[in-house]
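Peer 1: Can you keep this structure in mind? I'll have questions shortly.
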Amino acid sequence: MRVVEIRAFGGAEVLEDAERPLPEPGPGAVRIRMRAAGFNPVDYKWRQGLISPQLPVVLGRELAGVVDAVGEGVQAFRPGDEVFAWAGAGSSNGAYAEAVCVPAALVASKPAALSFAQAAAIPIAGMTAWVAVVERAQVRAGDAVLVAGGAGGVGSTAVPLLRHLGAAPLLVTAGSDASAAHLRDLGVDPHEVLRYDRTKDLAAEVHERTGGYGVAAAFDFVGGAMKRLCFDAVAADGSVVSIVEEPAEFPLDLWDETTSPLVTRSASFHFVQLGAAAHLGPPARLPAYGERLARLASLYESGALPPPLVEVVGPLAAHTARSAHARLEDGHVRGKLVLALNR
């Protein structure tokens, strides 16, 4: 089968076309013939060697396609089923490939209302948003919420999910007219879009919009100054949830009893690393991934969540992956970039 793999760490040029044997599904796994695969920032971090897999490796961790073989003990899926999946722990290879074997616990039926390209854009961003919003912050109707980075891949799922849950006010940052327009397309009230390129003191703006109390939950999908904004904007007993790591010199001491919002406001901080439970937890934790995908699928089917914004950047080929990686590293990608296989 055709794949795009890396044999050394480095720039986008290390992504190469290659051939590999077609994998066979073991017990509890299904083989999926790829129709589309998503690109994510974690992909180029793996490519750079910041996260060091054993080489050579096929990158890509989210996909949509058709089941064409099942392993022993699999009852939930059969050949011909249209599915989407997270190619995480126990998968035969990454998603930059014509086929991949994935534990059935990491798979769900593809929403019929979505294309393969749209479905392939959901697993990582969708599950990350779900864990952040529903499982960690436990947002409820009427909660004031701040989202830093609502126009990106995770934010583009988190924002409509928060609207569905009834968060109000739902304040979302934007740094350009294009990002602001994308947020309006996601249903954000224009008056609740906070322009960090125009407003000098966003934290003061957030507190003014919330009666001086701050937000019950602040989501950091950008990092840096936006993470600091989330800490400055969180209310007493509120939650800050982030998906972005910071350097050791990040200018905030979370343990300082006089300045840390975790202390002064009795706030909580959560970091979402989607693969942690799959790689470090017991096998009994794996079904949670497929269950999250199924919950998201039902929301897309019902129209509670709008179809994800996707851009098909090309077919399964090294030049497609190189282009997508370069754009992700450059930043300011709205929605998700995907590759598509025509069958």
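What the sequence shown shows, in my numbering, is residues 109 to 451, in sequence order.
Quick reminder that beta carbons are idealized off the backbone N, C-alpha and C, glycines included.
#1: Specify, as a first and last residue, the run of the alpha helix (DSSP H) that LEU269 falls within.
#2: Which stretch, first to last residue, makes up the beta strand (DSSP E) that contains MET142?
#3: Could you tell me if GLN226 is buried or exposed, where buried requires 16 or more neighbouring beta carbons within 10 angstroms of its beta carbon?
#4: Can you list, in chain order, the residues of its chain whose CB lies under 7 Å from that of SER200, leaving out five sequence neighbours each side?
#5: What does the Cβ neighbour count give for LEU160, buried or exposed, with the cut at 16 atoms within 10 Å?
#6: Which residue or residues does DSSP assign as beta-bridge partners of LEU447?
#7: Measure the C-alpha to C-alpha separation of ALA240 and VAL371 and round it to an integer number of angstroms.
#8: When we look at the beta-carbon of GLU170 and count the other beta-carbons within 10 Å, is it buried (16 or more) or exposed?
#9: Starting from the C-beta of GLY331, find all residues in its chain whose C-beta is less than 7 Å away, skip the five residues before and the five after it, and write them out in chain order.
#10: Mapping DSSP to helix, strand and coil, what is ASP340?
#11: State the Cα-Cα distance for the pair TYR204 and ARG155, rounded to the nearest angstrom.
#12: Sort out for me which residues DSSP pairs ARG303 with in a bridge.
#13: Applying the criterion that 16 or more other CB atoms from any shown protein chain within 10 Å of the CB defines a buried residue, is PHE329 buried or exposed?
#14: As a quick exercise: from GLU365, GLU357, GLY319, pick the residue whose alpha carbon is nearest that of ALA343.
#15: Quick one: is GLY236 buried, meaning 16 or more other Cβ sit within 10 Å of its Cβ, or exposed?
#16: Given that a residue counts as buried once 16 or more other Cβ atoms are within 10 Å of its Cβ, and exposed if not, what is LYS444?
#17: Among GLY118, PHE147, ARG143, MET142, which residue has its Cα nearest to the Cα of SER431?
#18: Counting Cβ pairs, one atom from each stretch, are 3 or more of them under 8 Å apart for the stretch 219-233 and the stretch 408-422?
#19: Between which two residues does the beta strand (DSSP E) carrying LEU254 extend?
#20: Please name the residue in ALA266, GLU113, GLY157, ALA120 whose C-alpha comes closest to that of ALA326.
#21: What residue range is occupied by the uninterrupted alpha helix (DSSP H) comprising GLY173?
#22: Under 8 Å, do ALA405 and ALA216 count as touching if we go by C-beta distance?
#23: What does PHE377 pair with, by DSSP beta-bridge criteria?
#24: How big is the Cα-Cα spacing for ASP151 and HIS433?
#25: Give every residue of the same chain whose Cβ lies closer than 7 Å to the Cβ of LEU214, excluding the five residues on either side of it in the sequence, and list them in chain order.
#26: Is ASP361 helix, strand or coil by DSSP?
#27: Rank LEU291, VAL441, LEU337, VAL421 by C-alpha distance to the C-alpha of LYS308 and give the top, closest one.
#28: Excluding the 5 residues flanking ALA126 on each side, which residues of the same chain have their C-beta closer than 6 Å to its C-beta?
Peer 2: Short version:
#1: Start and end: 263-273.
#2: Per DSSP, MET142 belongs to the beta strand (DSSP E) from 137-146.
#3: With 16 or more Cβ atoms within 10 Å of its Cβ, GLN226 is classed as buried.
#4: Here SER200 has PRO131, VAL208, CYS209 as same chain residues with Cβ atoms under 7 Å from its own Cβ, once five neighbours each way along the sequence are excluded.
#5: Sequence check: residue 160 is Ser here, not Leu. By the neighbour-count rule (16 or more Cβ atoms within 10 Å), SER160 is not buried but exposed.
#6: Secondary-structure assignment with DSSP links LEU447 through a beta bridge to ALA145, GLY422.
#7: The straight-line gap from Cα to Cα measures roughly 21 Å.
#8: Its Cβ being crowded by 16 or more others within 10 Å, GLU170 is buried.
#9: Hits under 7 Å: VAL352, GLU354.
#10: It is helical.
#11: Distance between the alpha carbons of TYR204 and ARG155: 13 Å.
#12: The partner list for ARG303 (beta bridge, DSSP) reads ALA282.
#13: PHE329 counts as buried, since no fewer than 16 other beta carbons sit within 10 angstroms of its beta carbon.
#14: When only C-alpha atoms are compared, the closest one is GLY319.
#15: Reading the sequence as shown, one finds Thr at residue 236 and not Gly. Flag for THR236 reads buried.
#16: So LYS444 counts as buried.
#17: Ranking GLY118, PHE147, ARG143, MET142 by CA distance to the CA of SER431 puts PHE147 first.
#18: The stretch 219-233 is in contact with the stretch 408-422.
#19: Looking at the DSSP string, the run of the beta strand (DSSP E) that includes LEU254 is 253-256.
#20: Of the listed residues, the one whose Cα sits closest to ALA326 is ALA266.
#21: Per DSSP, GLY173 belongs to no alpha helix (DSSP H); it is in the beta strand (DSSP E), 170-178.
#22: Closer than 8 Å, so yes.
#23: PHE377 is bridged to VAL348.
#24: The straight-line gap from Cα to Cα measures roughly 8 Å.
#25: Counting only Cβ-Cβ distances below 7 Å, and skipping sequence neighbours, we find ALA193, TRP194, GLY196, LEU394, TYR397, GLY398.
#26: ASP361 falls in the coil class under three-state DSSP.
#27: Ranking the options by Cα distance to LYS308, first place goes to LEU337.
#28: VAL111, GLU113.
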